[in-house]
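What follows is a set of notes on a single structure, which appears directly below.
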Amino acid sequence: MKPFRILFLFVVLFSVTVQAADYHTFYKQRCDSVLSYYKKLPYGPDAFRAMVKLNQNYDVPTALRIIDSVTIRPRGDMFWLYPVMSMYLYGQKNMPAAYKAKVRRSLKEYTPYRGDTENHWVMYYTSLYLASQCWPNEPGPSWFNGKSSDENRLDAEGWLNYWMTTTTTIGQGEFDSPAYLSFCLTPMFMLNQFSRDPVMKKRAEIMINWLLADFFIDYLDGQYCGPHSRIYEPDIFDKRQSMMSKTAAFFLGDRPLFNRKGEPVNFLGNCLVCAMSDYRLPDILYQIATDRSQPYVSYERKRSRNRLRYYDERNPTVNKMMYMTPTTALGSIQYGHTEQILQHTWALTWKAVKPGEVTTLFTLHPYYSARDMGSLFTSLLGSIVADVVDSKTTYDKEDKLVGSSPYEKLLQYKNTLIGLYDLSGPDVIYRHYDGFFSKDLQERIEDVSGWIFARTPTVYVAFRPLKQYEWIEEKQVWRLRSHDVKNGFILEVKRPEECKSFSDFQAAIKANLVEPIDFERTLCVRYRNLDGDVLEFDYSGRRLVNGRNDDPTDYPLFDSPYLQAATGSQKMEIKHRNKKMVLDLAKATITY
Numbered sequence: 008m009k010p011f012r013i014l015f016l017f018v019v020l021f022s023v024t025v026q027a028a029d030y031h032t033f034y035k036q037r038c039d040s041v042l043s044y045y046k047k048l049p050y051g052p053d054a055f056r057a058m059v060k061l062n063q064n065y066d067v068p069t070a071l072r073i074i075d076s077v078t079i080r081p082r083g084d085m086f087w088l089y090p091v092m093s094m095y096l097y098g099q100k101n102m103p104a105a106y107k108a109k110v111r112r113s114l115k116e117y118t119p120y121r122g123d124t125e126n127h128w129v130m131y132y133t134s135l136y137l138a139s140q141c142w143p144n145e146p147g148p149s150w151f152n153g154k155s156s157d158e159n160r161l162d163a164e165g166w167l168n169y170w171m172t173t174t175t176t177i178g179q180g181e182f183d184s185p186a187y188l189s190f191c192l193t194p195m196f197m198l199n200q201f202s203r204d205p206v207m208k209k210r211a212e213i214m215i216n217w218l219l220a221d222f223f224i225d226y227l228d229g230q231y232c233g234p235h236s237r238i239y240e241p242d243i244f245d246k247r248q249s250m251m252s253k254t255a256a257f258f259l260g261d262r263p264l265f266n267r268k269g270e271p272v273n274f275l276g277n278c279l280v281c282a283m284s285d286y287r288l289p290d291i292l293y294q295i296a297t298d299r300s301q302p303y304v305s306y307e308r309k310r311s312r313n314r315l316r317y318y319d320e321r322n323p324t325v326n327k328m329m330y331m332t333p334t335t336a337l338g339s340i341q342y343g344h345t346e347q348i349l350q351h352t353w354a355l356t357w358k359a360v361k362p363g364e365v366t367t368l369f370t371l372h373p374y375y376s377a378r379d380m381g382s383l384f385t386s387l388l389g390s391i392v393a394d395v396v397d398s399k400t401t402y403d404k405e406d407k408l409v410g411s412s413p414y415e416k417l418l419q420y421k422n423t424l425i426g427l428y429d430l431s432g433p434d435v436i437y438r439h440y441d442g443f444f445s446k447d448l449q450e451r452i453e454d455v456s457g458w459i460f461a462r463t464p465t466v467y468v469a470f471r472p473l474k475q476y477e478w479i480e481e482k483q484v485w486r487l488r489s490h491d492v493k494n495g496f497i498l499e500v501k502r503p504e505e506c507k508s509f510s511d512f513q514a515a516i517k518a519n520l521v522e523p524i525d526f527e528r529t530l531c532v533r534y535r536n537l538d539g540d541v542l543e544f545d546y547s548g549r550r551l552v553n554g555r556n557d558d559p560t561d562y563p564l565f566d567s568p569y570l571q572a573a574t575g576s577q578k579m580e581i582k583h584r585n586k587k588m589v590l591d592l593a594k595a596t597i598t599y
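Shown next as structure tokens:
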């Protein structure tokens, strides 16, 4: 037996080595393909085009025209700053001295706004750190903010270290964002590639791996599965075209970057910064992104955006969980909220059968609040909602698709979710909750029992509104709207292979216990699911699962079969089968 075991181990190790080699070969091909495409693009006021042309020493005259266009009349603040610094850093070898001077002069004459969110500050301070490194020992009058090179470097270094430490001790604020995570990752690729300080360089690499690990455990079938701290409405029903889904396609190769005409379809310009870098995705991260062979539960601690007033803490805790299976993902925020503008509090996501399908189901209570916005921004309360709506146009709208509400409470246990609503408060404008059912569901059945059943070849859904409702037809979904102020729902999800048939699934669900308990007074409901688990939940916060208290307030940073991180530790342990990687920000080390 012993020789056989040795031979088996050799075969397994050889297979893993070949797979890793294949991955890196294909990744290099993807990098080469996007660089080849971008360097041939015609003139456009896009610093990334100039970056690639200069780096590849291709069509340099066009690159110089682009430099003129982005430095003569700069605009875009931190969204201008990080592409221009990327262009300079990757392209300086083939950039004439006169054009280097133009970039330098723009950093004296144009004052980019620092911004007011986490991703803004990561872009701003990373760019400022690298700029002060490129042009050291220069006095304050030569910089847009009047600070010397040394002062700018110390400011930027201090904030970056603060952000890294905060993220690895109490969690990220703009967590799991299909759009904004890219604007945290891209600066870290810049910092990892170009920082001359070996400690900062390693800390940036740790943050890249940390953020990607956090992303990949919530990834399924081209989708960043919810919940999300911030998501825009176009990404709600088309998550496979979000910025982070395109980032996944670049790293994982799970979808083509170009269509048959050679046009980019699943590629994000920010990935160019990585395509030219020395960073290579560790194999263990590839494995946790792509291995969905077994269901798992993931618990995570995050934090709110910075609260300026009305709160006892600057960054109140936000805890979320995810139940991932080979074909479905059910995730929800179980405690706290990060903001009310773009938060997506819970979502069911499933694998598509054909391209273009809407593969999500969720509910929300449309809510807005001057007081909550006042906790985030310094505007006067009388005008603050209008100020927010100037840029986030749906914030105060009744039919919006994103946003959180303090009057929505959730209890999730694996594949089962209970939602409760008390919409009787004096500051509640819209006294209903909405649910969203994809038109791509192959069946949507309203049963006399009160259950709504739906299915695709990859998911069976049972949804039980606890009060009366109506349907509103929209372009991509049927919107369920329920108007009772004391309200709620029950959701249970199964994969088709877990059931004999859809009919059997329906029959079994209808046999489950659904017991409202003095609902109009206590908003309490008890439910026994198909696995025999009994959930009891009331609006005041009492949460029981199989008779035991379910405390959502004390999650670690990460707790799943793949990721482990204790609150306050600055350390993440990543596991997949017999592999392990440890990220230790405090020691600035990565060990295997």
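In our numbering, the protein residues as written are 8 to 599. We put the CB at the ideal spot given by N, CA and C, even for glycine. Since the model is a prediction, treat every value here as computed from it, not as a measurement.
In angstroms, rounded to a whole number, what distance separates the CA positions of residue i and residue j?
| i | j | result |
| --- | --- | --- |
| Thr-598 | Glu-212 | 12 Å |
| Trp-353 | Leu-337 | 8 Å |
| Arg-312 | Gly-229 | 27 Å |
| Leu-188 | Leu-542 | 34 Å |
| Leu-192 | Leu-218 | 7 Å |
| Tyr-534 | Tyr-374 | 28 Å |
| Tyr-562 | Glu-307 | 6 Å |
| Val-59 | Ile-452 | 53 Å |
| Tyr-3 | Trp-170 | Nothing in the structure corresponds to residue 3, since the chain is present only between 8 and 599. |
| Thr-596 | Met-214 | 11 Å |
| Gln-483 | Lys-208 | 45 Å |
| Glu-240 | Pro-559 | 28 Å |
| Glu-405 | Ile-238 | 18 Å |
| Arg-112 | Ala-70 | 18 Å |
| Lys-594 | Tyr-231 | 31 Å |
| Met-94 | Ala-108 | 13 Å |
| Arg-314 | Glu-320 | 7 Å |
| Lys-501 | Val-532 | 21 Å |
| Thr-173 | Val-67 | 42 Å |
Quick test of your reading: residue i and residue j, contact by CB under 8 Å. State the CB separation rounded to the nearest angstrom.
| i | j | result |
| --- | --- | --- |
| Ile-340 | Pro-234 | 5 Å |
| Thr-297 | Val-360 | Rounded, the Cβ-Cβ distance is 20 Å, inconsistent with contact. |
| Phe-369 | Phe-443 | 6 Å |
| Trp-87 | Pro-119 | 6 Å |
| Lys-474 | Asp-491 | 4 Å |
| Ser-445 | Thr-334 | That pair is no contact at about 15 Å. |
| Leu-264 | Ser-40 | 7 Å |
| Ile-79 | Ala-57 | 14 Å between Cβ atoms; not a contact. |
| Leu-292 | Asn-216 | 7 Å |
| Thr-529 | Asp-545 | 5 Å |
Restricting to Cα atoms, I'd like to know which of the options is closest to residue i.
| i | options | result |
| --- | --- | --- |
| Ser-184 | Ile-243, Gly-165, Val-67 | Ile-243 |
| Gln-294 | Tyr-95, Gln-483, Phe-223 | Phe-223 |
| Leu-349 | Met-380, Gln-475, Met-207 | Met-380 |
| Leu-427 | Lys-107, Ile-479, His-372 | His-372 |
| Glu-346 | Leu-355, Leu-96, Asp-157, Gly-180 | Gly-180 |
| Leu-472 | Trp-458, Lys-482, Asp-290, Glu-480 | Note on residue identity: the sequence assigns Pro, not Leu, to residue 472. Measuring from the Cα of Pro-472, the nearest candidate turns out to be Trp-458. |
| Ser-236 | Met-195, His-351, Gly-554 | His-351 |
| Met-331 | Tyr-89, Asn-273, Asp-225, Asp-566 | Asp-225 |
| Pro-194 | Val-77, Ser-398, Gly-343, Tyr-89 | Tyr-89 |
| Pro-503 | Phe-196, His-31, Trp-357 | Trp-357 |
| Tyr-97 | Tyr-34, Ala-138, Lys-582 | Ala-138 |
| Pro-103 | Tyr-117, Ser-134, Asn-62 | Asn-62 |
| Ser-4 | Leu-227, Lys-327, Pro-323 | Outside the shown range of the chain, which is 8 to 599, sits residue 4, and nothing can be said about it. |
| Thr-396 | Pro-289, Ser-156, Asn-494, Ala-377 | In the sequence as presented, Thr is not what sits at residue 396; that position holds Val. Closest by alpha carbon: Ala-377. |
| Ala-573 | Lys-109, Leu-42, Ala-163, Thr-175 | Thr-175 |
| Lys-587 | Ser-155, His-344, Pro-568 | Pro-568 |
| Lys-47 | Phe-190, Ile-177, Gly-269 | Gly-269 |
In the DSSP assignment, what are the bridge partners of residue i?
| i | result |
| --- | --- |
| Thr-352 | Looking at the DSSP assignment, Thr-352 forms no beta bridge with any residue, so it has no partner. |
| His-235 | His-351 |
| Lys-501 | Tyr-467 |
| Lys-578 | Asp-591 |
| Glu-364 | None; Glu-364 has no bridge partner. |
| Gln-230 | Leu-227 |
| Asp-566 | Tyr-306, Gln-571 |
| Val-493 | For the record, residue 493 in the displayed sequence is Lys; it is not Val. Bridge partners of Lys-493: Asp-429. |
| Val-484 | Ser-445 |
| Glu-450 | Arg-462 |
Check whether the Cβ of residue i sits closer than 7 Å to any heavy atom of the ligand SAH, and report yes or no.
| i | result |
| --- | --- |
| Arg-528 | Summarising the ligand content, the structure contains no ligands, and the ligand SAH is consequently not present. |
query: Touch check for the stretch 373 to 393 and the stretch 249 to 256: three-plus C-beta pairs under 8 Å?
result: no
message: For the stretch 499 to 518 against the stretch 467 to 479, do three or more pairs of beta-carbon atoms, one drawn from each stretch, fall closer than 8 Å, so that the two count as touching?
response: yes
message: Could you check whether the stretch 390 to 404 touches the stretch 513 to 533, counting it as contact only if at least three pairs of C-beta atoms, one from each stretch, sit closer than 8 Å?
response: no
Touching by the beta-carbon criterion (3+ pairs, under 8 Å), the stretch 77 to 92 and the stretch 127 to 142: yes
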